[in-house]
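The block underneath contains the structure these notes are about, expressed in structure tokens.
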Ligand SMILES: [Zn+2]
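In the working numbering, the protein residues as written are 132 to 462.
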């Protein structure tokens, strides 16, 4: 028994295509015996690997939500050998509000793992994924973007774990996605993240950033769709005519020195563009104080060398906001 309070009519072992909901009990004034109905689809045909696709872990990251909703409508179970589980808007309250965190509990689903069966709605959803879905999955791809606060150069990603065999198998899955660029997060296990929880269960877990700024990137949607097809093919779940990218460029993102933080509250003027190569000590931008225009702007510098893969979108900053982050090619 998993102890989850979430219930569903979906039978994960039934053959064919099912589209339904995970019901998260949520008793409020408007609805005494109410539930949050999180959409889910399961396609099952014969035996084979199980691939879990998730989007909307953060509600303001849209490329994966669009691509996975389309997959739910279009995918024919006869194409599948094995099982595909699709959650296009997994933190549904956040997805409907277009916010990173849930408006119900302030919960960030990608910091909530392993979750709590008796906790807030976000904690209950994390717990269900960890206790019910990860144990029946061989592969997971969790699609993100920069959301409202960051713009990203689109890439597929993985997190390096302490399990070298799992790392190698995850790298093979990542290369199968056929992305031009990929990022390996090397800053150790990130407690609370979905990929951390998946790795603990031996699931080969991919992620990635497919756009940002609170918008919808067409290039990002195309990369999500290419990555989905590539992973399904790699898992042996679908046969597909693949045209893998001739050489995915692999970057890594390491410790805190890869991230640039605003030193003071103000108006941030960036000096770099996404994809630009910079050196340690180069200017990232400067913070202006428009309430005191005679005060000189405060310079903000990069502490490491690399390529700019993320930039803050909104102009106003508070002290401690991330205004950019880097990735480096190994070696
Ligand atoms: Zn995200």
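In this text, a Cβ means the ideal position worked out from N, Cα and C, and glycines have one as well.
These figures come from a predicted structure and were not determined experimentally.
Identify whether residue 141 lies in helix, strand or coil by the three-state DSSP scheme. As a working note, residue 141 is residue 10 in the chain shown. Of the three classes helix, strand and coil, the one that applies to residue 141 here is coil, per DSSP.
When the Cα atoms are used, what is the spatial distance from residue 288 to residue 302? Reading the chain shown from its first residue, position 157 is the one you call residue 288. Reading the chain shown from its first residue, position 171 is the one you call residue 302. For residue 288 and residue 302, the distance between alpha carbons rounds to 9 Å.
For residue 191, three-class secondary structure by DSSP: Within the chain shown, residue 191 is the residue found at index 60, counting from 1. Coil at residue 191, not helix or strand.
Euclidean distance between Cα positions of residue 548 and residue 336: A query on residue 548 cannot be resolved here, the shown segment of the chain reaching from 132 to 462 and no further.
Should residue 456 be counted as a contact of ligand 1 given a C-beta to heavy atom distance under 8 Å? By 1-based counting over the chain shown, the position of residue 456 is 325. Not so, every heavy atom of ligand 1 lies at least 8 Å from the Cβ.
Which residue spans inside the region 263 to 347 form an unbroken alpha helix (DSSP H) run of at least 4? 295 to 307, 325 to 331
Buried or exposed: where does residue 219 fall if 16 or more other Cβ atoms within 10 Å of its Cβ makes it buried? Residue numbering aside, residue 219 sits at position 88 when the chain shown is read from its first letter. Buried is the call here.
So does residue 238 have its beta carbon nearer than 8 Å to some heavy atom of ligand 1? Looking up residue 238 in the chain shown gives position 107. It does not: the Cβ of residue 238 is nowhere closer than 8 Å to a heavy atom of ligand 1.
Along the beta strand (DSSP E) that carries residue 185, what are the first and last residues, could you check? Taking the chain shown and counting its residues from 1, one reaches residue 185 at position 54. That run of the beta strand (DSSP E) goes 181 to 186.
Let me confirm a value: residue 77 is counted as buried when at least 16 other C-beta atoms fall within 10 Å, else exposed. Which label applies? Any answer about residue 77 is impossible in this case: the structure gives the chain only from 132 up to 462.
Excluding the 5 residues preceding and the 5 following residue 144 in the sequence, name in chain order all residues of the same chain whose CB lies nearer than 8 Å to its CB. Counted from its first residue, the chain shown places residue 144 at position 13. For residue 144, where only same-chain residues beyond five positions count, the Cβ hits under 8 Å are 175.
If you follow the alpha helix (DSSP H) that residue 456 is part of, which residue opens it and which one closes it? Along the chain shown, read from residue 1 onward, the residue named residue 456 stands at position 325. Segment 453 to 458 is the beta strand (DSSP E) holding residue 456; no alpha helix (DSSP H) there.
Select from 282, 299, 435 the residue whose C-alpha is nearest the C-alpha of residue 401. As a first step, residue 401 must be located in the chain shown, where it is residue number 270. It is 282.
Starting from the N-terminal end, write out each residue whose C-beta falls within a distance shorter than 5 Å of any non-hydrogen atom of ligand 1. 189, 192, 275
Can you list, in chain order, the residues of its chain with a C-beta nearer than 8 Å to that of residue 410? Leave out the 5 residues immediately preceding and following it. By 1-based counting over the chain shown, the position of residue 410 is 279. Once the five neighbours on either side are set aside, the close Cβ partners of residue 410 are 433, 436.
What residue from 232, 184, 426 has the CA that sits closest to residue 339's CA? For this step, residue 339 is matched to residue 208 along the chain shown. Minimum Cα distance to residue 339 is reached at 184.
Could you spell out the range, first to last residue, of the alpha helix (DSSP H) harbouring residue 253? For the purposes of this step, residue 253 is taken as the residue at position 122 of the chain shown. Looking at the DSSP string, the run of the alpha helix (DSSP H) that includes residue 253 is 252 to 259.
Between residue 135 and residue 231, what straight-line distance do the alpha-carbon atoms span, to the nearest angstrom? Working through the chain shown from its first residue, we reach residue 135 at position 4. Working through the chain shown from its first residue, we reach residue 231 at position 100. In a straight line, the C-alpha of residue 135 is about 24 Å away from that of residue 231.
May I ask which residues mark the beginning and end of the beta strand (DSSP E) holding residue 368? The residue you call residue 368 lines up with position 237 of the chain shown. Element bounds for residue 368: n/a, residue is neither H nor E.
Write down the C-beta distance between residue 192 and residue 280 rounded to the nearest angstrom, noting that I regard them as a contact closer than 8 Å. In the chain shown, the residue the question calls residue 192 occupies position 61. In the chain shown, the residue the question calls residue 280 occupies position 149. That belief does not hold up - the Cβ atoms of residue 192 and residue 280 are roughly 11 Å apart, past 8 Å.
Applying the criterion that 16 or more other CB atoms from any shown protein chain within 10 Å of the CB defines a buried residue, is residue 259 buried or exposed? The count along the chain shown starts at 1 and reaches residue 259 at position 128. Looking at its Cβ environment, which holds 16 or more other Cβ atoms inside 10 Å, residue 259 is buried.
Please name the residue or residues paired with residue 429 in a DSSP beta bridge. For the purposes of this step, residue 429 is identified with residue 298 of the chain shown, where counting begins at 1. 418.
Please report the distance separating the alpha-carbon of residue 354 from that of residue 365. Along the chain shown, one-based indexing puts residue 354 at 223. Along the chain shown, one-based indexing puts residue 365 at 234. Whole-angstrom Cα-Cα distance: 16 Å.
Can you tell me whether residue 166 is helix, strand or coil according to DSSP? As a first step, residue 166 must be located in the chain shown, where it is residue number 35. Reduced to three states, the DSSP call for residue 166 is strand.
According to DSSP, is residue 443 part of a helix, a strand, or is it coil? One-based indexing of the chain shown puts residue 443 at position 312. Residue state, collapsed to three classes: strand.
Using three-state DSSP, classify residue 380 as helix, strand or coil. By one-based count along the chain shown, residue 380 stands at place 249. Reduced to three states, the DSSP call for residue 380 is strand.
Per-residue DSSP class, three states only, for residue 224: Here residue 224 is taken as the residue at index 93 of the chain shown, counted from 1. Of the three classes helix, strand and coil, the one that applies to residue 224 here is helix, per DSSP.
Hey, quick one: how far does the beta strand (DSSP E) through residue 400 stretch, first residue to last? Along the chain shown, read from residue 1 onward, the residue named residue 400 stands at position 269. That run of the beta strand (DSSP E) goes 397 to 401.
Can you tell me the Cα-Cα spacing of residue 449 and residue 293, whole angstroms? Counting from 1 along the chain shown, the entry for residue 449 is found at position 318. Counting from 1 along the chain shown, the entry for residue 293 is found at position 162. Spanning the two alpha carbons is a distance of roughly 35 Å.
First and last residue of the beta strand (DSSP E) that includes residue 147? Translated into positions along the chain shown, residue 147 becomes position 16. Taken as a continuous stretch (DSSP letters only), the beta strand (DSSP E) holding residue 147 covers 147 to 156.
Select from 261, 456, 151 the residue whose C-alpha is nearest the C-alpha of residue 323. Along the chain shown, read from residue 1 onward, the residue named residue 323 stands at position 192. When only C-alpha atoms are compared, the closest one is 261.
Kindly indicate which residue of 147, 429, 154 has the alpha-carbon position closest to the one of residue 140. Position 9 of the chain shown, counting from 1, holds the residue named residue 140. Looking at the Cα atoms, 154 is the closest of the given residues.
Rounded Cβ spacing between residue 458 and residue 384 (contact assumed at less than 8 Å): In the chain shown, counting from the first residue as 1, residue 458 sits at position 327. In the chain shown, counting from the first residue as 1, residue 384 sits at position 253. With a Cβ gap of about 5 Å, residue 458 and residue 384 count as contacting.
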